[in-house]
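In the working numbering, the protein residues as written are -11 to 892.
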């Protein structure tokens, strides 16, 4: 027998006993694969069925919510249409047949739609006036709705089932009301006719899939209007036979054979209480479960793939099991070799095991093994350290809890690494230590290395470093040493040097809202952009915070600087995409000083560039300014004003006055507007027009606004404690406060602290707050609405908002600016324009307040126009809080001798 064959036999003879020990695990692999495969399929199917049931329940709730929402919208629309018929009835009966609907339509007093028509028919059924063009001599006296009004004196509003208009050649749904002579005799009918598509237009199309439908039926089942998907339907109903809903509201599943298009749907319906109308919404099951069906296919494919993988894994496991004993033997040999190596290493090595208390919470760690170096770090021997718990050699202290928390975190994440300065409470005999923790089974493998010498050297080098730690740009230390040399070179070459002082506008908002990590990321991105737009040979330095300096050398004058300034402003205006995935715009303001005309040394040039930068910010930000001597004086005045206002806020020199808001017809107190006044220690009461602009420019408006909210809530709580009949108080909020996104949080805090209900607080915003799509502003307004706080639009008509924005933001109250109130009684145009705003606001379901009411004549006009509430000097000037109890107790603020008009 050769030596090689003998060695082979020996090795095979060694492996046979090892294979005998793992024969059972070999057969366990395929059995486990079968068991887990069955479990995988059963769990997959169970989860899919649960998901389908959840989707169905959510869809039923969604259908019910949509039908309820559309019913509420239809009710508001019907109420507004009813209001229009009442308004026309009033003007027709009081104008003695002088009302011209086509004239009012041209002035915008009715919705401009080609699907809505307003008409008046005389007592004989002849068309008198209409918004649908010239009146034709047609006889409507035989129409059922005409006869119904002629026969019944007080039939009220009739909603007529669809009938065909021969003049318009269209099928129309009519809202009709009887007209009377002064003696109460029949004088004709006012008709507001709608095409079915007009009713369908109240739906929110964005919430409907292509097979979903929205329909409106008469309570007796007659179909009135239908919208399928995003378009009006050609038919009035999708049902083969319109079902008779058994209750005023409900939800049910209708199978495919109920519908013309053979698609089953979940149908929810709601009946209107005030009108004989029923709104129903149908959600297509095909669309509802489309995503679930795709998910089911994907899950089953994954389950099939998982089954294949399990069996492949079983085959692999069987192969590996046959070598398990051999590898264990090898591992034991490696462990012995590792012990020999680690005992002589410079690092301290430890194996620690987690000790658990109640509820599987780690309460301590125990050293299971270590090398001699590791024991030396703790001033002991290996034999004494093994078996010890942390609490045995670390005294009870905050430091012990800190160490335990770090080790717990490593057990959770699997890895932890850091460098730390050794605490005085630590038994470690070192100054700085590098620590590395790696999870191994039920414990941790720990490595400690003494890096005290390296850290001392590093700290010495960092004191001499010239680079900014965040952006890696040169820092202020570098700049102060570089500038003298640059100025000397410019003098020698008879050229100029420009210093551009760049400040990131509104950078503080990033740090405040997203944190300093996001702020550092934005600074790094801004540094890269600045370096990309300067000329070769120029330099960018970071002075600190959000301030950068650009040094332009070898220039001839200002014309060489302007292109660089333009490029800087342009690149900083591009949005920054940070780790949160959102775009953030900060832009930049630049101040420029030139050597030698603006300063002979570096500090002077820096100061003048800084002053010019403040001038750029005052000019609206995102621009640049060259230094001018008068900038210094202007900056000083601005700083003085800002300092005075800042101190006034710190000293709480502000008080609130309150101006009542009353019902137009009864004079009943409905609300108060909180108006801030500055109680200046020398000048007395200072009006808001003097300090609010400064607060807006400097950002102090945020602190001032929070102070106003605090004072208003405290005053409400005091009035309530006095037993007064309190009414809602509104506070004015600026666009900057909404952008900062702290209004809802502040209001919630004050409401909780003073026990104020949301119904007693209102927020007034200006039209500028609604311009644009700022995410924080939209979220703040939605949060306030969900809290139950009413939203008021202040000074409407002075900004650039539109009625579509009012509808999109779902605001509650519209306050028409005093400028439009002042035009009342000054001609027909003023009345008509005011009435147009009023009508549109009422169509949107908003309460309207007329500001600046100063005369009884204005009050009379506003009563005739059905304006909801008024505010102005005619009722009361803004008064201190001490004067308000008398007005609250009086409640009705019209003088008792003054008659009150009522609209019938």
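Heads up, the beta-carbon is just placed ideally off N, CA and C, and yes, glycines get one too.
Contact between residue 226 and residue 247 holds, with the beta-carbon distance rounding to 5 Å and staying under 8 Å. Per DSSP, reduced to three states, the secondary structure at residue 409 is strand. In the DSSP assignment, residue 484 falls within the beta strand (DSSP E) that extends over 484 to 492.
A contact is defined here as three or more CB-CB pairs under 8 Å, and the region 282 to 292 fails this definition with respect to the region 72 to 81.
About 6 Å separates the CB atoms of residue 177 and residue 134; that is less than 8 Å, so the two are in contact. Apart from sequence neighbours up to five positions away, the residues of its chain that approach residue 633 with a beta-carbon distance below 7 Å are 679, 682, 683, 688, ordered along the chain.
Taking a 10 Å sphere around the C-beta of residue 872, we find 16 or more other C-beta atoms and assign the residue as buried. Counting only runs of at least 4 residues, the region 101 to 144 fully encloses the following alpha helix (DSSP H) elements, listed from N- to C-terminal order: 132 to 139.
Ranked by how close their Cα comes to the Cα of residue 698, the residues 183, 662, 710 have 662 in first place.
Residue 880 and residue 252 have their C-alpha atoms roughly 58 Å apart.
Looking only at 371, 348, 20, the smallest Cα-Cα distance to residue 358 is reached by 371.
Your pair residue 818 and residue 840 does not check out as a contact, with CB atoms roughly 13 Å apart and the cut at 8 Å.
Burial is judged here by how many other beta carbons sit within 10 angstroms of a residue's own beta carbon; residue 694 has at least 16 and is buried. Judged by DSSP in its simplified three-state form, residue 522 adopts coil rather than helix or strand.
The count of Cβ pairs closer than 8 Å, one atom from the region 87 to 95 and one from the region 154 to 173, stays below three, leaving the stretches out of contact.
Following the DSSP letters along the chain, one finds residue 684 inside the alpha helix (DSSP H) bounded by residues 676 to 686. Nearest in C-alpha terms to residue 727, of all of 235, 799, 59, 573, is 573. Between the region 508 to 528 and the region 606 to 618, the count of Cβ pairs shorter than 8 Å is below three; the stretches do not touch. Here the alpha carbon of residue 743 sits roughly 22 Å from the alpha carbon of residue 769. If you draw a 10 Å sphere on the C-beta of residue 25, you find 16 or more other C-beta atoms in it, and that means buried. Residue 670 and residue 641 have their C-alpha atoms roughly 11 Å apart. Close CB contacts of residue 136 within its chain, under the 7 Å cut and outside five residues either way in sequence, are with 143, 146 (chain order). Take the alpha-carbon of residue 801 and the one of residue 659: they are about 12 Å apart.
For residue 585 and residue 549, the gap between their C-alpha atoms comes out near 14 Å. According to DSSP, residue pairing for residue 270 in a beta bridge involves 201, 255.
Here DSSP, grouped into helix, strand and coil, assigns residue 535 to strand. Apart from sequence neighbours up to five positions away, the residues of its chain that approach residue 273 with a beta-carbon distance below 6 Å are 252, ordered along the chain. Across the set 503, 558, 599, the C-alpha of 503 shows the shortest separation from the C-alpha of residue 566. Under the criterion of beta carbons closer than 8 Å, residue 391 and residue 376 do not qualify as touching, at roughly 14 Å. Under the three-state reduction of DSSP output, residue 380 falls in the helix class. By the CB criterion at 8 Å, residue 361 and residue 402 fall outside the cutoff. At the C-beta level, residue 254 and residue 270 come within 8 Å of one another. Taking every protein chain shown into account, the CB of residue 587 has 16 or more other CB atoms within 10 angstroms, so this residue is buried.
The three-state secondary structure of residue 766, taken from DSSP, is helix. Taken in chain order, the unbroken stretches of beta strand (DSSP E) that lie wholly in the region 345 to 406 and span 3 residues or more are 350 to 358. The C-alpha of residue 46 is placed about 10 Å away from the C-alpha of residue 40.
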